[in-house]
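**Q** Numbered according to this note's numbering, the sequence shown spans residues 2 to 176. If you scroll down you'll find the structure; I have some questions about it.
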Amino acid sequence: MSETDEPKAKKRKLSKKDRKSTDSKGKSDESADTPSYEERCLAINILASPLASQKSTKKAHKLVRKASQSKSLRRGVKELVKGLRKGDKGLAILAGDVFPIDVISHLPVLLEENNVPYLFVPSKRDLGAAACTKRPTSCVLIKEKRSDGKEIEGKELFDALVEEAKEYDPNSKTK
Numbered sequence: 002m003s004e005t006d007e008p009k010a011k012k013r014k015l016s017k018k019d020r021k022s023t024d025s026k027g028k029s030d031e032s033a034d035t036p037s038y039e040e041r042c043l044a045i046n047i048l049a050s051p052l053a054s055q056k057s058t059k060k061a062h063k064l065v066r067k068a069s070q071s072k073s074l075r076r077g078v079k080e081l082v083k084g085l086r087k088g089d090k091g092l093a094i095l096a097g098d099v100f101p102i103d104v105i106s107h108l109p110v111l112l113e114e115n116n117v118p119y120l121f122v123p124s125k126r127d128l129g130a131a132a133c134t135k136r137p138t139s140c141v142l143i144k145e146k147r148s149d150g151k152e153i154e155g156k157e158l159f160d161a162l163v164e165e166a167k168e169y170d171p172n173s174k175t176k
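Here it is in structure tokens:
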């Protein structure tokens with residue numbers, strides 16, 4: 002029995018340096034598992050147009066995080082539709098890799114009818130992480146103003162993304 006106990010004792014006695022090196026190896030494996038922007042773009046559905054560029058996707062995620070912290074965000078299909086019915090205006094960000102596609106297929110038409118600009122980002126997992134939730138999120142609505150009437154944080158990011166979304170919107174183009 003003492004022979005079987007000996008290897009366990011040796012296994013437990015790792016130096017701090019060895020533990021740090023094994024921890025850092027685990028972290029590098031996790032970062033290698035996260036797909037790149039191009040790999041995420043391969044998984045998008047046919048509805049995902051206009052798709053934000055890589056730079057715009059980072060801006061959108063940053064804006065979603067700020068809006069989530071300032072409580073001016075509606076997460077999910079039901080909340081987004083409810084906000085549109087109540088008259089909320091802002092910017093809608095939709096995930097491009099939602100399956101089945103019927104879950105969000107009605108949203109672009111609804112957003113265009115309400116004159117709300119929208120963009121697609123490649124990953125619902127990243128959108129959920131940016132919205133400070135553990136679950137993937139298929140869509141979010143960033144409201145122009147908070148519930149108390151104040152401007153949202155990151156107004157310049159918001160304006161830049163709204164301008165980019167309006168470039169793609171067929172209704173907003175002047176003749």
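By construction, the Cβ of each residue, glycine as well, lies at the ideal position given by its N, Cα and C atoms.
#1: Count the other CB atoms, across all protein chains shown, that sit within 10 Å of the CB of P101; report buried if there are 16 or more and exposed otherwise.
#2: Do you know how far the Cα of K67 is from the Cα of A166?
#3: Please classify K144: does DSSP put it in a helix, a strand, or coil?
#4: Does the beta-carbon distance from G97 to L162 come in below 8 Å?
#5: What is the DSSP secondary structure of R136, reduced to helix, strand or coil?
#6: From the DSSP output, which residues share a beta bridge with G129?
#7: For Y119, tell me which candidate among Y169, K56, L43 and S54 has the shortest Cα-Cα distance.
#8: Nearest to R126 by alpha carbon, out of N115, S139, E114 and V117?
#9: Among residues of its own chain, excluding the 5 on either side of V65, which ones have a beta-carbon nearer than 8 Å to its beta-carbon?
#10: Excluding the 5 residues preceding and the 5 following C42 in the sequence, name in chain order all residues of the same chain whose CB lies nearer than 6 Å to its CB.
**A** Answer, in terms of the structure:
#1: exposed
#2: 19 Å
#3: strand
#4: no
#5: coil
#6: In DSSP, G129 forms no bridge with anything.
#7: Y169
#8: S139
#9: L74, I94, L128, A131, A132, V141 and I143
#10: P123
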